[in-house]
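Enquirer: Just passing along the structure, written as structure tokens.
Protein chains: 2
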Amino acid sequence: MIFLPPKFYAVAAVFLFICSHTTCNLGARTPNVVIIFADDMGYGDMSSNGHPTIRTPHLDRIAYEGQKWSNFYSAASVCTPSRAGLLTGRYPIRNGMCSAVHQVLFPESTGGLPNSEITIADLLSSAGYSTAMVGKWHLGHLPEFLPTKHGFDEWFGIPYSNDMDLDRPTVTTLNGGKLGLWHTGKHWDEPMSEYWRVPLMQGDQIIKRSPDQSLLTKMYTKRSVDFITNNADKPFFLYLAHSMPHVPLFRSENFVGTSTAGIYGDVIEEIDWSVGQIIQTLESLEISEHTLVVFTSDNGPWLQFRTQGGSAGLLRGGKGTTWEGGMREPAIFWWPQSIEPKIVHGIGSTLDLMATICSLANIDLPAKIEDSVDLSNTLLLGQDSPRNEMIYYRHQTIEAIRLGAYKGHFDREASDRGEIKLKAIYNIDMDPAEAFNLWERYPDIAVALRSRYLEHRRSIIPVVDQLARRK
Amino acid sequence: MIFLPPKFYAVAAVFLFICSHTTCNLGARTPNVVIIFADDMGYGDMSSNGHPTIRTPHLDRIAYEGQKWSNFYSAASVCTPSRAGLLTGRYPIRNGMCSAVHQVLFPESTGGLPNSEITIADLLSSAGYSTAMVGKWHLGHLPEFLPTKHGFDEWFGIPYSNDMDLDRPTVTTLNGGKLGLWHTGKHWDEPMSEYWRVPLMQGDQIIKRSPDQSLLTKMYTKRSVDFITNNADKPFFLYLAHSMPHVPLFRSENFVGTSTAGIYGDVIEEIDWSVGQIIQTLESLEISEHTLVVFTSDNGPWLQFRTQGGSAGLLRGGKGTTWEGGMREPAIFWWPQSIEPKIVHGIGSTLDLMATICSLANIDLPAKIEDSVDLSNTLLLGQDSPRNEMIYYRHQTIEAIRLGAYKGHFDREASDRGEIKLKAIYNIDMDPAEAFNLWERYPDIAVALRSRYLEHRRSIIPVVDQLARRK
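Chains as they are written, first to last, in the working numbering: chain A, 63 to 533; chain B, 63 to 533.
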């Protein structure tokens, strides 16, 4: 007799329950997976996280019916490394997707996610899933790095951020930055898609340069709905990575002025509409009870864009920082009849989607995926999250480590000299805004943080810096 | 034939609907009213407003089933004037309940809410309601000012704040303040009830000095449940004003350490439990469909108390300020079958409870209650809120005015000299954190704000400063 771990029985019981309550004919059918990933949306940008003027009824609904995670982290505070972490379940330092020199990949970059890396799509594809990516990739735009080389049967979207390939001279804006062509002196000026020559692609073909960005969310949604509809009778994986609400902000005609929170609010409301379309499609096809839907964001709000950036709510900082506002994200897991409705305060990360999905799909997790924690017992059984830590990188430097309730911030310059210098400890369960540095009170925590820092660094094997590769 | 306003038919239709769906035998029975009022709880202190570690499942539930208002204001940013505003529907400047010299009433005060004032309890009592107050009063502790002189059939609670009647020398605390005896050098020291000689009262009798404050929330809840149970077959009004989470923080044994957010989290979780007890009582008595439940707080979080103060979420400032964090409150309206479930972004205020309750109870609103706006069409029909402004007083000075999306802050010193000097304008729908002063862009708004300031001030008739009266 083989002894299986208790989780096996738990998961099996859930599948039996599903099969006995639905029209499922496939025995222990593994769930479909839909990951919806917003770009630069902040922790505070949904109504169910307290935003007072942005309406997000669809997100609120799935948050209430499913699990809302309030301590859920992206793998990095900027785009490229965050996305690499989500798809591979590995801190980007391990695969060259965070850099000493650049924050993200740019149109002139020649690097990308190495083909030696295993993605969620690779594993699900091998397990017989239909796989599609819709939306922003940003893990390398040369042919050898595209989504179709990383386990996706199909891809429709843009290869990097929607503010790249800028075709006009930059100007200094109200925001004081040079990115903001869409703020050219008039207030809340509308951006024009033709300012950016970002390509819209399908597979490895460019369909159009300077596509009408106001249609991106709508087009992505239609593609996603079509993919789900066409695959309703077999297992599928959809990775829908919205280009919005990354600046420049665009929304379709239907959402112009729907929000009193301004264009940023309009854009979030269109993403919320899109979530509603996905949910409605799953329900009308009667496959919602076979489908895990995950909603989260790649990093915190881009606060420099003022009212065109989002809100991290009560959290400190935003995109590009290792304050909580930079990496703690809105996060919802929805799977009717399977997920225990709950607000989860335990720690989770986009890094964990890999191990969790493998567990739900009965796929062995490859050994090299060392940073991904299986959260399925929390999702299905309401158990405490097994993740107890988070490591916050900026570029290639560890700026902070969270162990349980405690988060230590390290001095960046000291780290770059090879020293470990702790400069703050916050109890972020009691003080989520990181306002009260209590480092002198916790000598034991300080020891544990240093020790974890060293242990983690010892596990890192140097690799090629993919973001430093240029033409 | 008499033509009645459309609302009459709408409200009548709702009552008919209720009566046809329940065991209601009283024809157009007016609803019971339960107002639950927290003390110093912040906008961000419930999970459904984004708090990441405080669990508030009962508040989240009624927020989701009822209306959560995200632009709902207390009448002032400190205790006494806020409570006067709630009960009378009038800005406290009109009845002497805000002062040039003191923020609130103290044990040595001899003033209180004048008996010429009309309270919600007075009107509901005259209309045949049983009326009870449970909890903190703070509108005058001399016999002539007590709740039983202001329309309440009964009262059980404390006459002012739980940090008053301090019986020990104050010490400088970790917080740097002198109020914080409960922080006496050891970290997160537990406070002791006997440090404060605050009286626990019933009617006009003192039952006990220095009551065990850890039992306050529990005792208030039991009294409230008993009152509801004893009045289940007739109309009733319950005003439950918790003493918590005002510092010093206390919670019963059942809630020690329930929250990872520390003692403040424990305290909020006990208040949430208390809300659950009220809801459960209404449901088990089958009167929830005859009962309007309102939950809100008297002012923003007391930020000076650091991790023992709450969170205003994404809002700026806290208690004692006219930033949004000082006066914008968590606010929920719940009345199954009658209230349209919705998140309401329109403006509302505790000042409006008077006119709204009068409307629902078919009571004519007395003419002098000029600051109270009837919100019943928003509650029952989902219409836009008819309130379009808010005036933010601190002491007797107008520090800010909100007109629609725009909030102007006035220079306090200039106001005290009789000048009107606008120093900032924020679009708080787009910028709820009041981060981006756009005053130079809105000359028309500036004119409107000054004009509203003058018009409002002209409506103020000088009265006795009740908070300045001392032995």
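Note that beta-carbon positions come from the ideal geometry of N, C-alpha and C, so glycine has one too.
Determine the extent of the beta strand (DSSP E) in which A:L302 is found, giving its start and end residues.
Expert: F298 to A303
Enquirer: If contact is defined by three or more beta carbon pairs under 8 Å, each pair taking one atom from either stretch, is the region 132-145 of chain A in contact with the region 155-171 of chain A?
Expert: Flag = yes, the region 155-171 of chain A and the region 132-145 of chain A touch.
Enquirer: Enumerate in chain order the residues of its own chain whose CB-to-CB distance from B:L484 is below 8 Å, with the five nearest sequence positions on each side excluded.
Expert: G470, H471, F472, D473, W501, A508, L511 and R512
Enquirer: Helix, strand or coil for A:H212? Go by DSSP, reduced to three states.
Expert: coil
Enquirer: Under a Cβ-count criterion, where at least 16 other Cβ atoms within 10 Å of its own Cβ denotes burial, should B:R479 be classed as buried or exposed?
Expert: Here B:R479 is exposed. Its C-beta has fewer than 16 other C-beta atoms within 10 Å.
Enquirer: With B:L201 and B:G174 assumed to form a contact (beta carbons below 8 Å), what rounded beta-carbon distance in angstroms separates them?
Expert: Indeed they touch by this definition, with Cβ atoms about 6 Å apart.
Enquirer: Could I get the ranges of all uninterrupted beta strand (DSSP E) runs contained in the region 336-414 of chain B, with 3 residues as the minimum, in chain order?
Expert: 353-359, 394-396 and 404-411
Enquirer: In chain A, what lies closer than 8 Å to B:Y126 by C-beta?
Expert: D122 and Y126
Enquirer: So within the region 164-226 of chain A, which uninterrupted beta strand (DSSP E) runs reach at least 3 residues, ignoring any that extend past its ends?
Expert: 192-197 and 216-219
Enquirer: For B:I98 and B:S286, what's the separation of their Cα atoms in angstroms?
Expert: When the Cα atoms are used, B:I98 and B:S286 turn out to be separated by approximately 10 Å.
Enquirer: For A:K284, which of A:K296, A:P273 and A:L302 has the nearest alpha-carbon?
Expert: A:L302
Enquirer: Comparing alpha-carbon positions, which option in A:I325, A:R117 and A:K430 lies nearest A:R152?
Expert: A:K430
Enquirer: Which of the three DSSP states, helix, strand or coil, is assigned to B:Y135?
Expert: strand
Enquirer: Taking B:I394 as the reference, give the member of B:I116, B:P114 and B:R123 with the closest Cα.
Expert: B:R123
Enquirer: By Cβ distance below 6 Å, which residues in the same chain neighbour B:A125 in space, the five residues on each side in sequence not counted?
Expert: Same-chain partners within the cutoff: S110 and I394.
Enquirer: Please tell me whether B:L376 has its Cβ less than 7 Å away from any Cβ of chain A.
Expert: yes
Enquirer: Based on Cα-Cα distance, which residue from A:A467, A:P297 and A:Q528 lies nearest to A:S188?
Expert: A:P297
Enquirer: Spatial neighbours of A:F70 within its chain, please: CB distance less than 8 Å, with the 5 preceding and 5 following residues excluded, ordered by chain position.
Expert: Per-residue confidence for A:F70 stands at a pLDDT of 45, beneath the threshold of 50, marking its modelled position as unreliable; no derived number is given.
Enquirer: Given that A:F498 touches chain B, what residues does it touch there, using C-beta distances under 7 Å?
Expert: R368 and T369
Enquirer: Could you give the DSSP three-state label for A:V287: helix, strand or coil?
Expert: helix
Enquirer: Measuring alpha carbon to alpha carbon, tell me which of B:A497, B:Y468 and B:E475 ends up nearest B:K133.
Expert: A quick correction: the sequence has Asn, not Lys, at residue 133 of chain B. Selected option, being the one with the closest Cα: B:Y468.
Enquirer: For B:E332, which residues of its own chain have a beta-carbon under 6 Å away from its beta-carbon, when the five flanking residues on both sides are left out?
Expert: T279, R313 and F317
Enquirer: Restricting to Cα atoms, I'd like to know which of B:D274, B:V526, B:A374 and B:T343 is closest to B:M108.
Expert: Closest by alpha carbon: B:A374.
Enquirer: Use the C-beta contact count for A:A100: other C-beta atoms within 10 angstroms, 16 or more gives buried, fewer gives exposed.
Expert: Looking at its Cβ environment, which holds 16 or more other Cβ atoms inside 10 Å, A:A100 is buried.
Enquirer: Run through DSSP, which three-state label would B:H113 get?
Expert: coil
Enquirer: When the cut-off is 7 Å and only beta carbons count, does A:T234 lie next to chain B?
Expert: Unreliable placement is indicated for A:T234, whose pLDDT of 42 sits below 50; no coordinate value is reported for it.
Enquirer: Which chain B residues sit within Cβ distance under 8 Å of A:M492?
Expert: T115, T322, A323, G324, Y326, G327 and T369
Enquirer: When you check each C-beta in the region 392-408 of chain A against every C-beta of chain B, which residues fall closer than 8 Å?
Expert: I405 and H407
Enquirer: By DSSP's criteria, B:P505 is part of a beta bridge. Which residues make up the other side?
Expert: Paired residue(s): none; B:P505 is not in a bridge.
Enquirer: Quick check: B:L376 and B:A495, are their CB atoms within less than 7 Å of each other?
Expert: yes
Enquirer: Please check if any C-beta of chain B sits within less than 7 Å of the C-beta of A:N292.
Expert: No, A:N292 lies away from the interface with chain B (no Cβ there is under 7 Å from its Cβ).
Enquirer: With a 10 Å radius around its C-beta and 16 neighbouring C-beta atoms as the bar for buried, classify B:Q399 as buried or exposed.
Expert: exposed
Enquirer: Is there at least one non-hydrogen atom of the ligand ATP closer than 6 Å to the beta-carbon of A:Y222?
Expert: Here there are no bound small molecules, and the ligand ATP is not part of this structure.
Enquirer: Is B:P392 closer than 7 Å to B:Y105 when the C-beta atoms are compared?
Expert: yes
Enquirer: Distance cutoff 7 Å, beta carbons only. Does A:G213 sit that close to anything in chain B?
Expert: Chain B, which has no Cβ nearer than 7 Å to the Cβ of A:G213, makes this no.
Enquirer: Using 7 Å as the threshold, is the C-beta distance between B:L354 and B:A294 below it?
Expert: no
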